[in-house]
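Peer 1: In terms of the numbering used here, the sequence shown is residues 24 to 470.
I am attaching a structure below and will ask some questions about it afterwards.
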Amino acid sequence: MSKIREMDLQYNLHSWSAQANLHPEVITKSEGVYIWNEEGKRFYDMSSQLVNMNVGHGHKNIIKAIQDQVEKLAFVGPAYACDVRAEAAKKVVNVAPDNMSKVFFTNAGAEANENAIKIARMVTGRTKIFSAYRSYHGATHGAANLTGEPRRFPAEPIPGFVKFVGPYAYRAPIAFETEKETSDFYLSLLRDQILYEGPDNIAGIFQESVVGSNGILIPPDGWMQGVRDLCDEFGIMMICDEVMSGWGRTGEWFAVNNWNVEPDIITFAKGVTCGYVQLGGVIVSEAIARHFDHNVLNTGLTYSAHPMGCAAAIATIDTYVEEDLIARSKQMGALLGERLNQVYNQHPSVGEVRQIGLFSAVEIVKDRETREALVPYGKDPEGTMKKILGMLRAEGFLTYSHENILIIAPPLIISAEELNAAMDIFDKVMYAVDSIALNKSEIETTA
Ligand code: PLP
Numbered sequence: 024m025s026k027i028r029e030m031d032l033q034y035n036l037h038s039w040s041a042q043a044n045l046h047p048e049v050i051t052k053s054e055g056v057y058i059w060n061e062e063g064k065r066f067y068d069m070s071s072q073l074v075n076m077n078v079g080h081g082h083k084n085i086i087k088a089i090q091d092q093v094e095k096l097a098f099v100g101p102a103y104a105c106d107v108r109a110e111a112a113k114k115v116v117n118v119a120p121d122n123m124s125k126v127f128f129t130n131a132g133a134e135a136n137e138n139a140i141k142i143a144r145m146v147t148g149r150t151k152i153f154s155a156y157r158s159y160h161g162a163t164h165g166a167a168n169l170t171g172e173p174r175r176f177p178a179e180p181i182p183g184f185v186k187f188v189g190p191y192a193y194r195a196p197i198a199f200e201t202e203k204e205t206s207d208f209y210l211s212l213l214r215d216q217i218l219y220e221g222p223d224n225i226a227g228i229f230q231e232s233v234v235g236s237n238g239i240l241i242p243p244d245g246w247m248q249g250v251r252d253l254c255d256e257f258g259i260m261m262i263c264d265e266v267m268s269g270w271g272r273t274g275e276w277f278a279v280n281n282w283n284v285e286p287d288i289i290t291f292a293k294g295v296t297c298g299y300v301q302l303g304g305v306i307v308s309e310a311i312a313r314h315f316d317h318n319v320l321n322t323g324l325t326y327s328a329h330p331m332g333c334a335a336a337i338a339t340i341d342t343y344v345e346e347d348l349i350a351r352s353k354q355m356g357a358l359l360g361e362r363l364n365q366v367y368n369q370h371p372s373v374g375e376v377r378q379i380g381l382f383s384a385v386e387i388v389k390d391r392e393t394r395e396a397l398v399p400y401g402k403d404p405e406g407t408m409k410k411i412l413g414m415l416r417a418e419g420f421l422t423y424s425h426e427n428i429l430i431i432a433p434p435l436i437i438s439a440e441e442l443n444a445a446m447d448i449f450d451k452v453m454y455a456v457d458s459i460a461l462n463k464s465e466i467e468t469t470a
């Protein structure tokens, strides 16, 4: 075994895993859309790591900005002002929806959501927090309680967290004719739930603007505006978690821009610095910013608005602009959409493909008619999805999965040539996936 892997496994605890049978790829180098392992094998990074390396690996301007900052002023506490702290906040606010006014910087996404929960409670004086099933909002206690899937369980229970069912037409019990019909149905359920939980008790409704890890669930037209209207009607804060969907991923600075809706609070992380160093934050509306003019913002972090994070954020946001990456995400997204449609047409194990910008998912099913998922919910005893990821990895295509869903979300810098080459690999591996998925259903029906 590789010496590095051996030492890694001896001393590191790896996230979300039983440790005994792990075999982490040892990565030694990365550049653009590629990463290399110890043996020199090159992979397409088709999930941008954890959907955060939007500008790709090894970007020289961001590296230089961090190097310069560490020499100039590595750290100063959050009570002080400094040039990069001021400029990073201004740049974030400038690309956010028009009603947004100020930023509270955190270290990453979970912390951003923790602080958004507190801000919504401080502003409204209410306690309950709504969030959707089939969502991921982070692993700390509050963020995990927002999370609408089993990764929440070790952090439960905390009172006051209420889950609702968000739109997911493919798995709905009703065959909706239009997106509006879909939105109306789910909005009517949400309205009832608000009424029965007591609107005066509800501080905020959290949602991922486009659900990420749980399968790229793109809200139907009318949903975002409908949630905005419910929040206005009942004085509830509308909070969009853009940790994964923000920073160009969907072809807009923030995914909520796709529906021209202005939330009260946006949380972000990942693509603001693309992992060169870590940073997250909470952007608040002008009205919330004014609230805190004379009310204490009762929160804080030693590393809030860390100068290194702020310097990286400035260079990263400049990179999005200089390389026109937001428009590029839309352009390359159109090509990705074409390739995914081909995959759907070619492979009977694909139940649905979903794509917005360079954010996409492929649902693997045993049977297109019944839509039965390749692996039952919450279980994959034979490690079938892991096997599929391994087949992709062996061909040089790295990504991850959730339940029966494969995520494809490459860096926004990917060229048409690179995207086509990577999707050729995907298409090739899908022939083997077809036989796994279809054989399985045969075995089970004859048993
Ligand atoms: N929110 C969303 C939508 C995410 O996808 C994630 C992480 O994947 C988080 C929050 C948590 O962010 P972090 O892991 O930086 O704490």
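By construction, the Cβ of each residue, glycine as well, lies at the ideal position given by its N, Cα and C atoms.
Let me make sure I understand the geometry here. Which of LYS64, ASP255, ILE437 has the alpha-carbon closest to that of ASP347?
Peer 2: That would be ILE437, whose Cα lies nearest to the Cα of ASP347.
Peer 1: By how many angstroms is the C-alpha of ILE311 removed from the C-alpha of LYS141?
Peer 2: Answer to the nearest angstrom: the Cα atoms are 12 Å apart.
Peer 1: CB LEU302 to CB GLY271, shorter than 7 Å?
Peer 2: Result no, Cβ atoms of LEU302 and GLY271 do not sit closer than 7 Å.
Peer 1: Please tell me whether, using a cut-off of 6 Å, the distance from the CB of ALA292 to the nearest non-hydrogen atom of the ligand PLP is below it.
Peer 2: Flag set: Cβ of ALA292 near the ligand PLP.
Peer 1: Reducing DSSP to helix, strand and coil, say where GLU467 ends up.
Peer 2: Model confidence at GLU467 stands at a pLDDT of 48, short of 50, so the residue's coordinates are unreliable and nothing is read from them.
Peer 1: Between ALA384 and THR163, what straight-line distance do the alpha-carbon atoms span, to the nearest angstrom?
Peer 2: Their backbone Cα atoms lie some 26 Å apart in a straight line.
Peer 1: Can you say whether ASP68 is buried or exposed, counting buried as having 16 or more other CB atoms within 10 angstroms of its CB?
Peer 2: The residue in question, ASP68, is buried, as its Cβ has 16 or more Cβ neighbours within 10 Å.
Peer 1: Does DSSP put MET24 in a helix, a strand or coil?
Peer 2: In this structure, MET24 counts as coil in the three-state DSSP scheme.
Peer 1: Can you tell me whether VAL116 sits near the ligand PLP, meaning its C-beta is under 6 Å from at least one heavy atom of the ligand?
Peer 2: No, Cβ of VAL116 sits at least 6 Å from all heavy atoms of the ligand PLP.
Peer 1: Quick check for students: name the residue ranges of the alpha helix (DSSP H) that lie wholly in the segment 268 to 348, counting only runs of 4 or more.
Peer 2: Taking only runs of at least 4 residues, the alpha helix (DSSP H) segments lying wholly in the segment 268 to 348 are 309 to 317, 330 to 345.
Peer 1: Taking contact to mean at least 3 C-beta pairs separated by less than 8 Å, is the segment 95 to 103 in contact with the segment 284 to 291?
Peer 2: The segment 95 to 103 vs the segment 284 to 291: no contact.
Peer 1: I need the DSSP call for ASN462, collapsed to helix, strand or coil.
Peer 2: Reduced to three states, the DSSP call for ASN462 is helix.
Peer 1: Buried or exposed, going by whether 16 or more other CB atoms sit within 10 Å of the CB of ASN283?
Peer 2: Exposed, by the Cβ-count rule.
Peer 1: Closer than 7 Å, CB to CB, is LEU45 near chain D or not?
Peer 2: Absence of chain D from the displayed structure is noted, only one protein chain being present.
Peer 1: For LEU213, collect the residues of the same chain with a Cβ closer than 6 Å to its Cβ; drop the 5 residues on either side in sequence, then sort them by chain order.
Peer 2: Correct list, in chain order: PHE187.
Peer 1: Can the beta-carbon of THR493 be found less than 7 Å from the beta-carbon of PRO177?
Peer 2: For residue 493 there is no data in the structure shown, the boundaries of the chain being 24 and 470.
Peer 1: Under the criterion of a Cβ to heavy atom distance below 6 Å, does TYR159 qualify as lining the ligand PLP?
Peer 2: Yes - the ligand PLP has a heavy atom lying nearer than 6 Å to the Cβ of TYR159.
Peer 1: Between ASP264 and the ligand PLP, is there a pair consisting of the residue's CB and a ligand heavy atom that are separated by less than 6 Å?
Peer 2: True, at least one ligand heavy atom lies under 6 Å from that Cβ.
Peer 1: Mapping DSSP to helix, strand and coil, what is GLY360?
Peer 2: Here GLY360 sits in helix by DSSP.
Peer 1: With 16 other CB atoms within 10 Å as the buried threshold, where does TRP39 fall?
Peer 2: Exposed, since its Cβ has fewer than 16 Cβ neighbours within 10 Å.
Peer 1: Using the C-alpha atoms, what's the distance from ASP403 back to THR469?
Peer 2: Because the pLDDT of THR469 is 41, which lies under 50, any placement of that residue in the model is unreliable, and the question is left without a value.
Peer 1: Alpha carbon to alpha carbon, how far is GLY148 from ASN138? Give it in angstroms, no decimals.
Peer 2: When rounded, the distance between both Cα atoms is 15 Å.
Peer 1: Ordered along the chain, which non-local residues of its own chain (more than five positions away) have a Cβ less than 7 Å from that of ARG65?
Peer 2: The answer, listed in chain order, is TYR57, TRP59, GLY419.
Peer 1: Determine the closest residue to PHE257 out of GLU172, ALA226, ALA417, GLY323, with distance taken between C-alpha atoms.
Peer 2: Answer by Cα proximity: ALA226.
Peer 1: For VAL93, which three-state DSSP category applies?
Peer 2: In this structure, VAL93 counts as helix in the three-state DSSP scheme.
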